[in-house]
Each structure stands twice: as C-alpha cells, then as structure tokens.
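**Q** I am attaching a structure below and will ask some questions about it afterwards.
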Amino acid sequence: MTTIRNAAREKLEQSQLSLGVGVRLTRSVEIAKAMAVAGFDWLFLDMEHGVMSLEACAQISTAALDAGIAPIARVPNGEYAIATRALDNGALGIVMPHVDTAAEAREVVNRLKYPPVGHRSMGGIGPHYGLRSVSTGDAASALNAANLTVVMLETPTAIANAAEIASVPGVDVLLIGSNDLCAEMGIPGDFGNEKVAEAYRAVIAACAKHNKFPGMAGIYNEAIMPRYIEMGARFILSGQDAAFLMAGAAQRTGFLRKLTAAV
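In terms of the working numbering, the sequence shown opens at residue 4 and continues consecutively.
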C-alpha cells in the first residue's frame, strides 16, 4: 500500500499547530527547504491573489515534497482546471476560497478527490511517489488520504453555514479568511472585534462536532493571534514571504542606521 507524507496533516492529526507560510513573492525552489528549516509545516502557494504561475507552483511543490514541507495551493474560486493540475504536479492540498454553502463544499470535494470520494480524473505518474509507477488504485487511495481539502469561509453567510459545511465528507479544513470576513462585516481590519471572535467560535465548534480542522488566515498581529489559537484554531497561515523579508531587512537597516548615527 502506497503512503504519502503530508507534514501539515500530520500536525493536525496530532492536535498540534500546523504552521503555514504564504509564498507570493518568491519563485525559487529553495524557498521550500528554507521554510522547512525555519520550522513551517506547509507552504501556501497563492495563485488567487499572487502572480505565481502553475509552472512555478509545480516546481516549488516538487521541491517541497523532497524538503518534507507540504505544498498547499490556493486557486481562484471555481478554477478546478488549475487546482487539479496543481495536485497532479506535486501539491498536497488545495485551498478553495469563497465557499459559502455546503453545496459549494460538496462541489469542491467532488472535483478534488478521486473516486469513490469524488470524481477527479486520474493524473498518471507524478512527483508524490518519486515518479515511480504505482497502481491506479493505490495512487488514488494514497492521495485521497494525504491531500488536504481546505475551504475558505470569508463571509457572514459562510459562517452561518459553518456547521453544514463542516458536515460535508471529504472536507478537511475550514479556514477563516479573516481579511475578507472583516470587510464583509463592515469592520475592515478589526480582527479583535467581538464579531470576529463569534465567527471563530462558531467555526471551531462546527469543526469539533464534525471532526474537521479549524484554520486562521489573515491575522498576523501577535497580540491577537493567541486569542483564536487558544479557542482552537490549528491550521495557521502564519505570515508571508514578502512580509518576513521586509521585516528582517528593516530590522537590519534600522540597526545599522543607529550605529552610523552614533559615529
């Protein structure tokens, strides 16, 4: 029986924080090893808002498999042709944004999981098993078990439907898109608002009831992040490559400017 390792899923199944880092700026495959060494469990390869190509996603995904960090790709809503090609070429999960209803969640599962769970087309030999020839049955079973199907809840409608969405077989993670959610609620950027806390409580309770994993995206303020993690959020988008690069660079230039000012 073929097995495929997914570090992000492993942490979730061990009730630990599964930490992801957004990749929007970087195109070099070295980002996979670098972020693995930094302690992250998964890469968030953003093809919704970023300009990453499918080819770059595939190359980084293949490098990530070797580095032991899970490549998870976000695609634009409903872009299943992109999603399945990302999965065929190394991704270990798909984040589908703007999922508001259980019917939409069922469509995501139907398109992204192999039979008997869904109706995804078989992609043939791929990087997940080192380009080795694997029987169709083994490959489908192993990839269904390894891949994470992540739906993003980003509107009050989605939050209201969280229990129904969580009940859909084949959905693994309910990821709250906090930026869009706050905007939709008329409180843009107010991540500490009690309305946001209520949304997290609702989604986390729905996940607990249906044995799914709750996630947090869009909140990077270290004073606010603990609140929702303590509530039970476990699939955590921790930040982005560009922000980390800028923060490290700004810290160094600030340090050196102070030195030269003192001379």
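Ideal Cβ placement from N, Cα and C applies to all residues, glycine included. As the structure is a prediction and not an experimental result, all values here were calculated from the model.
1. Got a sec, what are the start and stop residues for the beta strand (DSSP E) residue 77 sits in?
2. With H, G and I counted as helix, E and B as strand and the rest as coil, what does DSSP make of residue 247?
3. Out of 132, 180, 107, 101, which one is the CA nearest neighbour of residue 5?
4. Give the list of continuous alpha helix (DSSP H) stretches no shorter than 4 residues that lie fully inside the region 184–228.
5. Can you name the residues that DSSP bridges to residue 238?
6. Short of 7 angstroms in beta carbon distance, which residues of its chain neighbour residue 224, apart from the five on each side in sequence? Order them along the chain.
7. Can you give the Cα-Cα distance for residue 209 and residue 246, rounded to whole angstroms?
8. Helix or strand or just coil, what does DSSP make of residue 258?
9. Check each candidate in 202, 55, 17 and name the one with the smallest Cα separation from residue 78.
10. Mapping the DSSP letters down to three states, classify residue 38 as helix, strand or coil.
11. Would you mind stating whether residue 25 and residue 244 have Cβ atoms separated by less than 8 angstroms?
12. In the DSSP assignment, find the beta strand (DSSP E) that holds residue 95 and state where it starts and stops.
**A** The answer reads as follows:
1. Indexing the sequence shown from 1 puts residue 77 at position 74. It spans 73–77 - the beta strand (DSSP E) in which residue 77 sits, taken as one unbroken run.
2. Start at 1 with the first residue of the sequence shown, and residue 247 comes out as number 244. The three-state reading of DSSP puts residue 247 in helix, counting H, G and I together.
3. In the sequence shown, the residue the question calls residue 5 occupies position 2. Of the listed residues, the one whose Cα sits closest to residue 5 is 132.
4. You should have 197–213.
5. Taking the first residue of the sequence shown as position 1, residue 238 is located at position 235. Residue 238 pairs with 21, 218.
6. If you number the sequence shown from 1, residue 224 lands on position 221. So the qualifying residues of the chain are 194.
7. In the sequence shown, the residue the question calls residue 209 occupies position 206. In the sequence shown, the residue the question calls residue 246 occupies position 243. Approximately 32 angstroms, taken between the alpha carbons.
8. Counting from one through the sequence shown, the residue named residue 258 turns up at place 255. In the structure shown, residue 258 sits in a helix (DSSP, three-state: H, G or I).
9. Against the sequence shown, residue 78 aligns to sequence position 75. Checking every option, the nearest Cα to that of residue 78 belongs to 55.
10. Here residue 38 refers to the residue found at position 35 of the sequence shown. Three-state DSSP puts residue 38 in a helix.
11. Numbered from 1 along the sequence shown, position 22 holds the residue referred to as residue 25. Numbered from 1 along the sequence shown, position 241 holds the residue referred to as residue 244. The answer is yes: Cβ separation under 8 angstroms.
12. Along the sequence shown, one-based indexing puts residue 95 at 92. Residue 95 -> no beta strand (DSSP E), and no H or E assigned at all.
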